[in-house]
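Take the sequence shown: its position 241, counting from 1, is numbered 241 in UniProt numbering, and each next residue is one higher. The structure appears right after this line, and notes come after that.
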Amino acid sequence: MFSNLKTHPADKILALMQLYKDDPRPNKIDLGVGVYKDATGLTPVMRAVKAAEKQLWEQETTKTYVALAGDPGFADAMVDMVLAGAVARENVAAAATPGGTGACRQAFEMVKMANPDARIFVSNPTWPNHLSILKHLNMPVVEYRYFDAESRGVDFEGMLADLQQVKAGDVVLLHGCCHNPTGANLNLTQWQAVVDVLLKTGGVPMIDLAYQGFGDGLDEDAAATRLVASSVPECLIAASCSKNFGIYRERTGILMAVAQDKGLRTLTQGTLNYLNRQNYSFPPDHGARLVTMILNDPKLRTEWATELEEVRLSMLNLRQQMADELQRLSGSDRFGFIAQHRGMFSRLGTTPEMVERLRAEHAIYMVGDSRLNIAGLNSTTVPILAKAIVDTGI
Ligand code: PLP
Ligand code: TYF
């Protein structure tokens, strides 16, 4: 039987992680996988997470099952963090999932159950896992223009034009902030225009929010999600705690289904519970519990928000250093976009051949589409990367 199985293309980002590990060059620089790293190259456990884990170890008396949708306290805390009252709590159904990826997967499945004909509109480009999960589920994908190769910003006119093709019941997948892989984002005026198109076409937004707190701040990064959720009749939100709580391996995320008609909540909540049950029954609890403890305890919350802000500002600082150094070395402003982009990533907008040369000649690892993880840099490696970029002729 097993011989009938087909091989699958490797995840390029994860394959790059392995290539990097296997490279013996001591001066190698890893700008690949989207994991935050401090100036020493470590991905620390956040202080508030450590403190919450200690408390949890002392206080937890059982590890029995919780509930199909996870701990209701986690849902309350996350709905509040993401939506902050933009939508009444009773209009939101929510279920914990294994990471933001689990939330995306469940969201797609829910769409398929509700509308088997739904097409999923995705930005070009988008996170490769979106595409691979959609392919696995055999769901039709339509790309909308997003990255402007010239300005390295958003091709907003192209995006709006493409979204006119959305039909009622189609789904539009949007990155709530810190677009992966480009780093290019809409401003709030542009988000409002997207909302207007959704209202006109009857498209249902699905927001992937994997980097709240990594761009302009916790509330600022959720502003678009709040605007969308409070404006349209229905939307889905897949939120991840992997990055902003630094709990990647704990697999902590949540899927929210928001409906203006609160009469739908029994149906949506029941569907979220059902999907968890079919796929893995109970979602992981450890990370979700830490998040809940942190968000509900003023002291832990402040400690966490302070550290998250340090992380965010360190990335902004690296962006500015990188843009300045490139301007100095190239004598042009053409790399200014690096300082304008937000989140962990920037797409340089160069060819796979150039990316390969950076790896071969300079031991600099970035994803083949020229996405670099800003957090992989530090003040020593910024000038090295800038010089390599300019020397390579990018
Ligand atoms: N969506 C995007 C765009 C991401 O970049 C990530 C990244 O890690 C996720 C979702 C979900 O991550 P996780 O499943 O680790 O929470
Ligand atoms: O885009 C990234 O690098 C992160 C981490 O299969 C990641 O989102 C990468 C690949 C993958 C899962 C997570």
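Each residue gets a CB set at the ideal place from its N, CA and C atoms; glycine is no exception.
{"query": "Evaluate GLY253 with the Cβ neighbour count: other Cβ atoms within 10 Å of its Cβ, from every protein chain shown; 16 or more gives buried, anything less gives exposed.", "result": "buried"}
{"query": "Measure the alpha-carbon distance for PHE156 versus GLN192 and round it to whole angstroms.", "result": "12 Å"}
{"query": "List the residues that DSSP assigns as beta-bridge partners of HIS175.", "result": "ASP208"}
{"query": "Does the distance from the CB of LEU295 to the CB of ALA52 come in under 8 Å?", "result": "no"}
{"query": "Less than 7 Å separating the Cβ of LEU14 from some heavy atom of the ligand TYF?", "result": "yes"}
{"query": "Taking all protein chains shown into account, do 16 or more other C-beta atoms lie within 10 angstroms of the C-beta of SER231, making it buried, or fewer, making it exposed?", "result": "buried"}
{"query": "On a CA-only basis, which of LEU174, VAL142 and ALA149 is nearest ASP162? Give me that one, please.", "result": "VAL142"}
{"query": "Among SER151, ASN317 and SER370, which one has its Cα closest to the Cα of GLY215?", "result": "ASN317"}
{"query": "Return yes when at least one heavy atom of the ligand TYF lies under 7 Å from the C-beta of ASN129, else no.", "result": "yes"}
{"query": "Could you say which of VAL92, TRP127, ALA114 and PRO116 lies nearest to CYS104 if we only look at CA atoms?", "result": "TRP127"}
{"query": "If you check the beta carbons only, do PRO9 and ASP369 fall under 8 Å apart?", "result": "no"}
{"query": "Check whether the Cβ of GLY287 lies closer than 7 Å to any heavy atom of the ligand PLP, and answer yes or no.", "result": "no"}
{"query": "Counting only runs that start and end within the segment 95 to 136, where is the alpha helix (DSSP H) found for 4 or more residues in a row?", "result": "99 to 114 and 128 to 136"}
{"query": "At the level of alpha carbons, what is the spacing between PHE74 and ALA96?", "result": "8 Å"}
{"query": "Which residue's Cα is closest to the Cα of CYS241: TYR365, ALA67 and MET81?", "result": "MET81"}
{"query": "Say yes only if the C-beta of ASP333 is nearer than 7 Å to one or more non-hydrogen atoms of the ligand TYF, and no if none qualify.", "result": "no"}
{"query": "Of all the options LEU173, GLY169, ALA223 and GLN190, which has the alpha carbon lying nearest to the alpha carbon of THR201?", "result": "GLY169"}
{"query": "May I ask which residues mark the beginning and end of the alpha helix (DSSP H) holding residue 464?", "result": "The structure shown does not extend to residue 464, since the chain is modelled only from 1 through 394, so no value can be given for it."}
{"query": "Excluding the 5 residues preceding and the 5 following GLY393 in the sequence, name in chain order all residues of the same chain whose CB lies nearer than 8 Å to its CB.", "result": "MET354"}
{"query": "Does DSSP put TYR65 in a helix, in a strand, or in coil?", "result": "coil"}
{"query": "Please name the residue in MET17, ASP30 and LYS6 whose C-alpha comes closest to that of LEU377.", "result": "ASP30"}
{"query": "If you measure between the beta carbons of LEU255 and ALA84, is that distance less than 8 Å?", "result": "no"}
{"query": "Taking contact to mean at least 3 C-beta pairs separated by less than 8 Å, is the segment 272 to 288 in contact with the segment 63 to 72?", "result": "yes"}
{"query": "Closest to ASN187 by C-alpha separation, out of GLU58, ALA88, GLY153 and PRO205, would be which residue?", "result": "GLY153"}
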